[in-house]
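Undergrad:
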Amino acid sequence: MSSSYRRALDAPAGELVVLSRSLVEEVAESSRTSPRRRVILPLHKKEDELLHRMLNVIQPDSYVRPHRHLEPPKAESWVVLRGALAFFTFEEDGRVRDCLSLEAGGERFGVDLAAGIFHGLIALAPDTVLFEVKNGPYAPANDKSFAPWAPAEGSPEAASYLARLREEYKRRLP
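Quick note: the sequence shown uses the UniProt record's numbering, first residue 1, plus one each step.
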């Protein structure tokens, strides 16, 4: 898959950023037209900041390849602000360890994950919005360690792997 498209929007200007429905709708529109079917709006101003805060808007057909943040180790937190998602953690060999349903306003609406755990997610509703927090700085070369047992984003196998994860979600959480 070409990397000529933008994975993230520009951070909003100013010392105070108001999170509003109109801002979320702008980001959602970008996610609908993105080849990845998701987009990040960073709220931090620079990639070298020590704390990264972002809105991540994901469409149901977006494939987020399972990965972990190992070198350097980074914990990560997500809160679902709109929509719903299936959140997975995986064993080293690719078996699903945890499968959670998270929904904005629901009983389970977010997670906090320790560093070094393989994880992935699937949006269950259009325009699912996550507030995501993790340590910076961001270095594209080593930010994510992709699971070797999961197909690469954009590969011919990605769609069938995504379908298998959906089936696992349905099997575990009817």
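Glycine is no exception: its CB is placed at the ideal position from the N, C-alpha and C atoms.
#1: Since residue 120 and residue 79 should fall inside the 8 Å C-beta cutoff, what is the C-beta to C-beta distance between them, to a whole number of angstroms?
#2: If you pair each beta-carbon of the region 48-57 with each one of the region 105-119, do three or more pairs fall below 8 Å?
#3: Less than 6 Å between C-beta atoms, sequence neighbours within five positions excluded: which residues of the same chain meet that for residue 37?
#4: Could you name the residues of the same chain whose beta carbon sits closer than 7 Å to that of residue 32, not counting the 5 residues immediately before and after it, in chain order?
#5: So who's on the other strand from residue 40, going by DSSP bridges?
#6: Near residue 17, which residues of its chain fall below 6 Å by C-beta distance, leaving aside the five closest residues on each side in sequence?
#7: Please report the distance separating the alpha-carbon of residue 217 from that of residue 68.
#8: How big is the Cα-Cα spacing for residue 24 and residue 125?
#9: Apart from the five residues just before and just after residue 73, which ones in its own chain have a Cβ nearer than 6 Å to its Cβ?
#10: Can you name, in chain order, every residue of its own chain whose Cβ lies under 7 Å from the Cβ of residue 144, other than the five neighbours on each side?
#11: Using the Cα positions of residue 92 and residue 134, report the straight-line distance between them to the nearest angstrom.
#12: Pick out the complete alpha helix (DSSP H) segments inside the region 115-147, 4 residues or longer, and give them in chain order.
#13: What is the rounded straight-line gap between the Cα of residue 103 and the Cα of residue 127?
#14: Can you tell me which of 132, 9, 159 and 151 puts its alpha carbon nearest to the alpha carbon of residue 34?
#15: Under three-state DSSP, which class holds residue 27?
#16: Would a C-beta distance cut-off of 9 Å place residue 85 and residue 130 closer than the cut-off?
#17: From residue 100 to residue 20, what does the alpha carbon distance come to, in whole angstroms?
#18: For residue 165, report the span of its beta strand (DSSP E) as first-last.
TA: Per the coordinate set shown:
#1: That pair is no contact at about 17 Å.
#2: no
#3: 59, 61 and 62
#4: 59
#5: Residue 40 is bridged to 8 and 56.
#6: 43
#7: With the chain represented from 1 up to 174, any question about residue 217 goes unanswered, as that position is not in the structure.
#8: 15 Å
#9: 115 and 116
#10: 67 and 69
#11: 22 Å
#12: none
#13: For residue 103 and residue 127, the distance between alpha carbons rounds to 12 Å.
#14: 9
#15: helix
#16: yes
#17: Going by the C-alpha atoms only, they are around 27 Å apart.
#18: Segment 158-172 is the alpha helix (DSSP H) holding residue 165; no beta strand (DSSP E) there.
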